[in-house]
Amino acid sequence: MTENTRPDGIIIALDGPAGSGKSSTAKAVAERLGYRHLDSGAFYRAITYAALQAGIDPDRWETLSGDELDRLDVHGVPGERGYVMTVGGRDVSAEIRMPRVNEHVSRMAAVPTVREWLMDALRESGARGGLVADGRDIGTVVFPEAELKAYLIADAEERARRRLMEQGEADLSEQHVRVEAARLQGRDELDSNRAAAPLRQAEDAVVIDTTHLTLEQQVQRIVELARERGGVDPGGEVA
Ligand code: CDP
Ligand code: CDP
Numbered sequence: 000m001t002e003n004t005r006p007d008g009i010i011i012a013l014d015g016p017a018g019s020g021k022s023s024t025a026k027a028v029a030e031r032l033g034y035r036h037l038d039s040g041a042f043y044r045a046i047t048y049a050a051l052q053a054g055i056d057p058d059r060w061e062t063l064s065g066d067e068l069d070r071l072d073v074h075g076v077p078g079e080r081g082y083v084m085t086v087g088g089r090d091v092s093a094e095i096r097m098p099r100v101n102e103h104v105s106r107m108a109a110v111p112t113v114r115e116w117l118m119d120a121l122r123e124s125g126a127r128g129g130l131v132a133d134g135r136d137i138g139t140v141v142f143p144e145a146e147l148k149a150y151l152i153a154d155a156e157e158r159a160r161r162r163l164m165e166q167g168e169a170d171l172s173e174q175h176v177r178v179e180a181a182r183l184q185g186r187d188e189l190d191s192n193r194a195a196a197p198l199r200q201a202e203d204a205v206v207i208d209t210t211h212l213t214l215e216q217q218v219q220r221i222v223e224l225a226r227e228r229g230g231v232d233p234g235g236e237v238a
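For the sequence shown, numbering that gives the first Met the number 0 assigns the number 0 to the initial residue and increments by one for each residue that follows.
Below you can see the structure in the form of structure tokens.
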């Protein structure tokens, strides 16, 4: 049945709060299965970056029209294993991780017009299946029919420590970790309390607490679940 509707494999949805390991896990699972990875947060980040660069006042973001969003010229260009975000044809993979974007992205993502504007592009990425998508509303809104949904969680301080290490930060003192944890929790709160597609666990999601897991362990767990749910690589071999 899966093979008919999804010739390239199943859809795997990974959701969870900031820094819980969704993107790293999704990327590794996609590599393991020969699937494509969709980092949906990167799309919200690229729109935020483009609006900031265009000098559009964040107070006006709520009123952005579809035409204005089109003019920002934001695209996710499909690559072999994922999508490269571009603005005005320029690769902005590094720019969308800047602190300025971190600070503003949840505000942009709360705008219903922005979410609607993106929806077709996000759904299109799963048209043939064979996709591991990560974000906040993948299992609830974007791909509610996904064959496998996982909701990743981890203690806030552990998430903060991972985020700082990822950024090459040398200062991992308790104080610094606490400040970063508060930043992540602030974003989680905005994402969880907004009216449009809030961050929440899908009823049929498997919850994985990664606080005491290694990246390899959580990847392995999801690959096993994918195998149980019919995940096969495009060559037809069982994953
Ligand atoms: O990687 P990190 O957890 O820091 O965030 P991200 O996945 O890059 O997402 C950045 C922001 O985009 C989130 O804080 C949400 O506000 C928004 N987002 C969303 O609203 N819906 C999604 N499916 C993905 C991201
Ligand atoms: O996408 P999300 O914001 O949920 O997290 P991420 O961007 O994948 O960042 C998580 C960071 O923690 C990455 O540097 C991972 O290598 C690291 N990490 C993890 O994800 N899981 C572990 N069990 C240990 C470390």
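Glycine included, C-beta positions come from ideal geometry on N, C-alpha and C.
query                                                                                     : result
CA-to-CA distance, Gly18 to Asp119, given in whole angstroms                              : 26 Å
Beta-carbon spacing of Leu198, Asp136 below 9 Å                                           : yes
Range of the contiguous alpha helix (DSSP H) that encloses Gly185                         : 173-192
DSSP-derived helix/strand/coil call for Arg59                                             : helix
Any non-hydrogen atom of ligand 2 within 8 Å of Asp133 CB                                 : yes
Contact under 9 Å by Cβ, Asp14 with Ala180                                                : no
Whether Val141 touches Arg127 by CB criterion (9 Å)                                       : no
Closer than 8 Å: Pro16 CB and nearest ligand 1 heavy atom                                 : yes
Three-state secondary structure assigned by DSSP to Glu223                                : helix
DSSP-derived helix/strand/coil call for His36                                             : strand
Any 3 or more C-beta pairs closer than 8 Å across the region 156-172 and the region 60-78 : no
Check: Ser92 C-beta below 8 Å from any heavy atom of ligand 2                             : no
Of the listed residues Asp58, Leu117, Leu224, Ile9, nearest to Ser39 (C-alpha basis)      : Leu117
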